[in-house]
Each structure stands twice: as C-alpha cells, then as structure tokens.
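Novice:
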Amino acid sequence: KKEWTSELKNLKGMIKYINSNENLFTEIKFTTLDDYFEAIRDDIQKGKFQPQTL
C-alpha cells in the first residue's frame with residue numbers, strides 16, 4: 227500500500243505538470259478501461275479516429 231501511495235503521488239504530480247503546460251498539447255487523466263473504449267468508439271462513430279489495421 228505504501229508503494230502505491232508513493233506512485234500515485236508521483237503520477238498526480240506528472241499529470242498536473244503535463245495538464246498545466248498547454249505547449250505540450252496533451253491532457254492526461256485517470257479513467258477506467260470501459261470509459262477509454264467508449265471514448266474510442268465515440269470518436270470512430272464521429273469520424274474523428276480511424277483505427278490502424280494490418
């Protein structure tokens with residue numbers, strides 16, 4: 227538990243740094259896999275994302 231608490235603190239610091247620097251053109255946030263895949267499906271339906279296939 228102590229290791230996870232330390233890792234979480236480090237992750238939150240990195241996320242705050244990245245999200246506060248607009249010149250990085252990146253936004254990071256914690257989410258669930260369900261939310262991630264739902265967002266990908268929404269982007270595909272809106273034509274905003276084209277999955278790469280071989």
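Mapping of the sequence shown onto this note's numbering: residues 227 to 280, in sequence order.
Don't be surprised by glycine CBs; every beta carbon is placed ideally from N, CA and C.
Just so it is clear, the structure is predicted and the values come from calculations on it, not from any experiment.
Measure the C-alpha to C-alpha separation of Ser246 and Glu233 and round it to an integer number of angstroms.
Specialist: For the purposes of this step, residue 246 is taken as the residue at position 20 of the sequence shown. For the purposes of this step, residue 233 is taken as the residue at position 7 of the sequence shown. Their Cα atoms are separated by approximately 20 Å.
Novice: Roughly how many angstroms separate the alpha carbons of Tyr262 and Phe256, rounded to a whole number?
Specialist: Within the sequence shown, numbered from 1, the residue matching residue 262 stands at position 36. Within the sequence shown, numbered from 1, the residue matching residue 256 stands at position 30. Whole-angstrom Cα-Cα distance: 10 Å.
Novice: Indicate the three-state DSSP secondary structure (helix, strand or coil) for Glu248 in the structure shown.
Specialist: Against the sequence shown, residue 248 aligns to sequence position 22. Three-state result, Glu248: helix.
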